[in-house]
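Visitor: Chains as they are written, first to last, in my numbering: chain U, 1 to 115; chain Z, 1001 to 1114. Cβ coordinates follow ideal geometry from the N, Cα and C atoms, glycine included. Okay, handing you the structure first.
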């Protein structure tokens, strides 16, 4: 029972490099989200999606791109990494329309360091 | 906009003590409210939830009641254990099912000493 799977678990980048954080869920959930967690800041929403082909910006979208070509996958792209993007990134999913107020299921996170 | 405020930590208690972690929120309408727990090195796990006023969520001895009149959702446990040491997050969902994500508080680090 995989749930929400994030890869990689750890990554170190140099400033200016690009990379993609992967997120996949096997629960056929409509809704998916990306958050970043920084000390003393809680979790802040980066981007979210309510279904394949539909994405929108959250609270802190700058420097990140997303796409949702399938229900299962929701990758997060860093276009040109900056030290301010050093953080722990969490992907989450929830069932979607018609399922009431179901909670979000979280992956185990990706710890990203930008040097 | 939406916001969640919870007490800053760390909160240090002795085993078997009574726990309260305060959480208040600002949102229009009727949000759903959640408590998540994060153990060291892990992701967030749902602890409990409440979807309408006066609902009480409960799980593993933890309880929280959705109080619309005071816009609060305080987390309580009657007797804490060392294994309850973790970071606790209060969160709200404005739309059904969290379509546009959750708004989190900053988290409360709970330390239980034997």
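Kindly indicate if chain Z contains any beta-carbon less than 8 Å away from that of residue 107 of chain U.
Guide: As a working note, residue 107 of chain U is residue 107 in the first chain. Output row for residue 107 of chain U: interface = yes.
Visitor: Hey, is residue 1106 of chain Z close to the ligand MG, as in C-beta under 7 Å from one of its heavy atoms?
Guide: You won't find the ligand MG in this model; it holds no ligand whatsoever.
Visitor: What number of angstroms, rounded off, separates the C-alpha of residue 1056 of chain Z from the C-alpha of residue 1065 of chain Z?
Guide: In the second chain, the residue the question calls residue 1056 of chain Z occupies position 56. In the second chain, the residue the question calls residue 1065 of chain Z occupies position 65. Using only the alpha carbons, I get a separation of about 4 Å.
Visitor: Since residue 114 of chain U contacts residue 21 of chain U with CB under 8 Å, what's their CB separation in whole angstroms?
Guide: Residue 114 of chain U sits at position 114 when you count from the first residue of the first chain. Residue 21 of chain U sits at position 21 when you count from the first residue of the first chain. Contact doesn't hold; Cβ gap of about 13 Å is too wide.
Visitor: What residues in the stretch 34 to 61 of chain U bring their beta carbon closer than 8 Å to a beta carbon of chain Z?
Guide: Hits within the stretch, in order: 35, 40, 41, 42, 43, 44, 45, 48, 50, 56 and 58.
Visitor: When you compare each of U:15, U:65, U:63 and U:51 to residue 72 of chain U by their alpha carbons, which one comes out closest?
Guide: As a first step, residue 72 of chain U is located in the first chain; it is residue number 72 there, counting from the start. When only C-alpha atoms are compared, the closest one is U:51.
Visitor: State the Cα-Cα distance for the pair residue 70 of chain U and residue 1081 of chain Z, rounded to the nearest angstrom.
Guide: Sequence index remark: in the first chain, residue 70 of chain U carries index 70 (1-based). Sequence index remark: in the second chain, residue 1081 of chain Z carries index 81 (1-based). Approximately 43 Å, taken between the alpha carbons.
Visitor: From Z:1008, Z:1021, Z:1006 and Z:1109, pick the residue whose C-alpha is nearest to that of residue 1077 of chain Z; which is it?
Guide: To locate residue 1077 of chain Z, count along the second chain from 1; it is residue 77. Measuring from the Cα of residue 1077 of chain Z, the nearest candidate turns out to be Z:1021.
Visitor: Are the beta-carbon atoms belonging to residue 1046 of chain Z and residue 1036 of chain Z less than 8 Å from one another?
Guide: Taking the first residue of the second chain as 1, we reach residue 1046 of chain Z at position 46. Taking the first residue of the second chain as 1, we reach residue 1036 of chain Z at position 36. Yes.
Visitor: So the candidates are Z:1070, Z:1060 and Z:1033; which of them puts its Cα closest to the Cα of residue 1089 of chain Z?
Guide: On the second chain, position 89 is the one that residue 1089 of chain Z refers to. Checked all of Z:1070, Z:1060 and Z:1033; the closest Cα to residue 1089 of chain Z is Z:1033.
Visitor: If we define contact as Cβ-Cβ less than 8 Å, is residue 31 of chain U a contact residue for chain Z?
Guide: Residue numbering aside, residue 31 of chain U sits at position 31 when the first chain is read from its first letter. Interface residue, yes.
Visitor: I believe residue 42 of chain U touches residue 1105 of chain Z by the beta-carbon criterion, under 8 Å. Please report the beta-carbon distance rounded to the nearest angstrom.
Guide: By one-based count along the first chain, residue 42 of chain U stands at place 42. By one-based count along the second chain, residue 1105 of chain Z stands at place 105. With 8 Å as the limit, residue 42 of chain U and residue 1105 of chain Z qualify as a contact, their Cβ atoms being about 6 Å apart.
Visitor: Can you check whether the CB of residue 87 of chain U is closer than 8 Å to the CB of residue 32 of chain U?
Guide: Position 32 of the first chain, counting from 1, holds the residue named residue 32 of chain U. Position 87 of the first chain, counting from 1, holds the residue named residue 87 of chain U. In this structure, residue 87 of chain U does not lie closer than 8 Å to residue 32 of chain U by Cβ.
Visitor: Roughly how many angstroms lie between the CA atoms of residue 1067 of chain Z and residue 1006 of chain Z, to the nearest whole one?
Guide: What you label residue 1067 of chain Z is simply residue 67 of the second chain in a count that begins at 1. What you label residue 1006 of chain Z is simply residue 6 of the second chain in a count that begins at 1. Roughly 15 Å separates the two Cα atoms.
Visitor: Between which two residues does the beta strand (DSSP E) holding residue 1099 of chain Z run?
Guide: Counting from 1 along the second chain, the entry for residue 1099 of chain Z is found at position 99. Segment: none, residue 1099 of chain Z is in no beta strand (DSSP E) and carries neither H nor E.
Visitor: Residue 1080 of chain Z by DSSP, collapsed to three states: which one?
Guide: Looking up residue 1080 of chain Z in the second chain gives position 80. Note: residue 1080 of chain Z maps to coil in three-state DSSP.
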